[in-house]
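Trainee:
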Amino acid sequence: MTRILTVVGARPQFIKAAVVSHQIAKNPGVSECLVHTGQHHDANMSDVFFEDLAIPPPAHHLGIAGLSHGAMTGRMLEGLEGIIKAEAPDWVLVYGDTNSTVAGALASAKLGVPVAHIEAGLRSFNRMMPEEINRVLTDHCSDLLFTPTDEGTANLLREGLPPERIVQAGDVMFDAALHFGKLAAERNLSAAARGLCSGDYVLATVHRQENTDDIRALKKILEGLSEVAMQLPVILPLHPRTRARISAEGLEPLTTKLTVLDPLGYLEMIALESGAAVIATDSGGVQKEAFFQRVPCVTLRTETEWTELVVAGWNRLAPMDTSEQIAATILNARGTRGADVAPYGDGASARKIIARLIDQ
Ligand code: UDP
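The numbers in the sequence shown follow the UniProt record's numbering, run straight up by one, and end at 360.
1) For H36, list the residues DSSP reports as bridge partners.
2) Suppose the cutoff is 8 Å on Cβ atoms and the five residues either side in sequence are ignored; what does the same chain contact list for L157 look like?
3) Taking the CB atoms as reference points, tell me whether A277 and V295 lie closer together than 9 Å.
4) Confirm the yes/no value for this check: CB of I64, any heavy atom of the ligand UDP, distance under 8 Å.
5) Any heavy atom of the ligand UDP closer than 8 Å to the CB of L264?
6) Taking the beta strand (DSSP E) that R316 falls in, what are its first and last residues?
7) Could you tell me whether the segment 287-303 touches the segment 321-340, where touching means 3 or more Cβ pairs closer than 8 Å?
8) Thinking A350 and L267 are a contact (beta carbons under 8 Å), I'd like their distance in whole angstroms, please.
9) Beta-carbon within less than 8 Å of E308's beta-carbon, same chain only, minus the 5 sequence neighbours each way: which residues are those?
10) Taking C-beta to C-beta, are G96 and E119 nearer than 9 Å?
11) Can you tell me which of the three DSSP states Y266 falls into?
12) Between which two residues does the beta strand (DSSP E) carrying I235 extend?
13) Helix, strand or coil for I118, going by three-state DSSP, please let me know.
14) On a Cα-Cα basis, can you pick out the residue from E131, V35, P12 and K110 that is closest to G121?
15) Please confirm whether S124 and E289 have their CB atoms less than 9 Å apart.
16) Determine the DSSP secondary structure at R294, reduced to helix, strand or coil.
17) From which residue to which residue does the alpha helix (DSSP H) around V310 run?
18) I'd like to confirm something about H36: is its beta-carbon nearer than 8 Å to some heavy atom of the ligand UDP, or not?
19) Under 6 Å Cβ to Cβ from E81, same chain only, skipping five residues before and after it: list those, please.
20) A333 to V298, Cα distance in whole Å?
21) The ligand UDP heavy atoms versus the CB of M129: any closer than 8 Å?
22) If A300 sits next to I358, beta carbons under 8 Å apart, how far is it from one beta carbon to the other, in whole angstroms?
23) In or out: P57 buried (at least 16 other Cβ within 10 Å) or exposed?
24) Less than 9 Å between the beta carbons of L34 and A10, yes or no?
25) Report the rounded CA-to-CA distance for L77 versus S100, giving the unit in angstroms.
26) What three-state label does DSSP hand Q231 in the structure shown?
27) For F146, name the three-state secondary structure that DSSP assigns.
28) Distance, Cα to Cα, K16 vs G347?
29) Please indicate yes or no: does the CB of T149 lie closer than 8 Å to some heavy atom of the ligand GDP?
30) Going straight from the alpha carbon of N126 to that of S31, what length do you get?
31) Taking DSSP as the reference, what is the three-state secondary structure of I246?
32) Suppose contacts are defined by Cβ-Cβ distances below 9 Å. Is G170 in contact with G284 by that definition?
33) List the DSSP bridge partners of V206.
34) What separation, rounded to the nearest whole angstrom, lies between the Cα atoms of M72 and H61?
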């Protein structure tokens, strides 16, 4: 029996871990102990994902949230060390690029327990992004690196990581979109249920630190979205960090033309993505989901880790200098299509990952 200890803590990790956990549950040769660090803890940022995506309840919950990056990562490191020692797994599995990811990888590597990183090799080449630091450190202390794309694999090879550690398994978010997309359709979740006409609204998300901590950037984005809203409804499910910044800076008047929602459950999010005319986002996951739904995407950042979608014409980076440029890029994206590409594998990434972990 291969024993896996999975570390999750943030919204995108619940989604990625869901498809891998389902695969583990189907396989008698492997068992899972799930640890939730507590990084995201609100009902609509955590609980709803465990319920909707049928993720097993965590065996351990560290309850660590709302601290500075260093304090949060440090406390997670300490908490995870105790749990990894007690559980003595064959593998520690970490996802993506959050503080929970790097804490899990480092705690495990220091104990000599093998670490596998899912979504390895992604790079923005912007060291001001906390996620970039987390990715680089996690990749360099992992024993197995599951990359989603050619680009991820190439980045790791360029950094000198040994080819035998790298497995290009495809993107588990593609598995998730296929599997849960069906479920969303079965439950009749759709844009119409929110009174929206399919193909006639913009769906936006904003939560990257570079866009929330810099008030000028946040203002520009809200003003750009408001300009778009003069022509097309703009739906903005708001991340708690962004909501807190808007409130602290008194920016509510810049949101009056927008339809501001609380964070959505994943199934409803997929449904709204599929009906959007354009998706405007600074999220990594949402850029790919736009492509999975063949909806044009505008990335509200000056760089992206998912460059293959820019090359293929499904995604474009918004010039972030003025709100007018942001609005024009979104409106011009409407009705565009990219090339017929398939950079994220075949939708069976979770199966390949588990097969490899058992095989190791
Ligand atoms: N998501 C969601 N509800 C929302 C906004 C996003 O379920 O209100 C999902 C989205 O569909 C994607 C994931 O959360 O699967 C992306 O997470 P996030 O944008 O927080 O992080 P990132 O991908 O940028 O790391």
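Using N, Cα and C, we set each Cβ at its ideal position, and we do this for glycine too. Computed from a predicted structure; not experimentally measured.
Mentor: In brief:
1) According to DSSP, H36 shares a beta bridge with V8 and H61.
2) Hits under 8 Å: P163 and I166.
3) At a Cβ-Cβ threshold of 9 Å, A277 and V295 count as neighbours.
4) Not so, every heavy atom of the ligand UDP lies at least 8 Å from the Cβ.
5) For the ligand UDP, at least one heavy atom lies less than 8 Å from the Cβ of L264.
6) Here the beta strand (DSSP E) through R316 covers N315 to L317.
7) Below 8 Å, enough C-beta pairs join the segment 287-303 and the segment 321-340 to call them touching: three or more.
8) By a beta-carbon distance limit of 8 Å, A350 does not contact L267. Their separation comes to about 18 Å.
9) In chain order, T149, D150, E151, V341 and P343 place their CB closer than 8 Å to the CB of E308, counting only its own chain and leaving out the 5 sequence neighbours on each side.
10) Yes, Cβ-Cβ distance for G96 and E119 is below 9 Å.
11) Taken through DSSP and simplified to helix, strand or coil, Y266 comes out as helix.
12) From DSSP, the beta strand (DSSP E) with I235 extends over V234 to P237.
13) Under the three-state reduction of DSSP, I118 is assigned to strand.
14) Taking G121 as reference, the option from E131, V35, P12 and K110 with the minimal CA-CA separation is E131.
15) No, the Cβ-Cβ distance between S124 and E289 is not below 9 Å.
16) It is coil, neither helix nor strand.
17) Its alpha helix (DSSP H) spans residues T307 to A312.
18) Checking every heavy atom of the ligand UDP against the Cβ of H36, none is found closer than 8 Å.
19) Within the same chain, E81 has close Cβ partners A107.
20) Rounded to the nearest angstrom, the two C-alpha atoms are 7 Å apart.
21) For the ligand UDP, not one heavy atom lies less than 8 Å from the Cβ of M129.
22) In the sequence on display, residue 300 carries Leu and not Ala. So it is not a contact: roughly 40 Å between Cβ atoms.
23) Counting the other Cβ atoms within 10 Å of the Cβ of P57 gives fewer than 16, which makes it exposed.
24) With contacts defined as CB atoms closer than 9 Å, L34 and A10 fail to qualify as a contacting pair.
25) Here the alpha carbons of S100 and L77 stand approximately 8 Å from one another.
26) DSSP places Q231 in the coil class of the three-state scheme, outside both helix and strand.
27) F146 falls in the strand class under three-state DSSP.
28) Roughly 12 Å separates the two Cα atoms.
29) Annotation note on the ligand GDP: not contained in the displayed structure, which lists the ligand UDP as its ligands.
30) About 37 Å.
31) Here I246 sits in helix by DSSP.
32) Result no, Cβ atoms of G170 and G284 do not sit closer than 9 Å.
33) DSSP lists no bridge partner for V206.
34) M72 and H61: Cα-Cα distance of roughly 14 Å.
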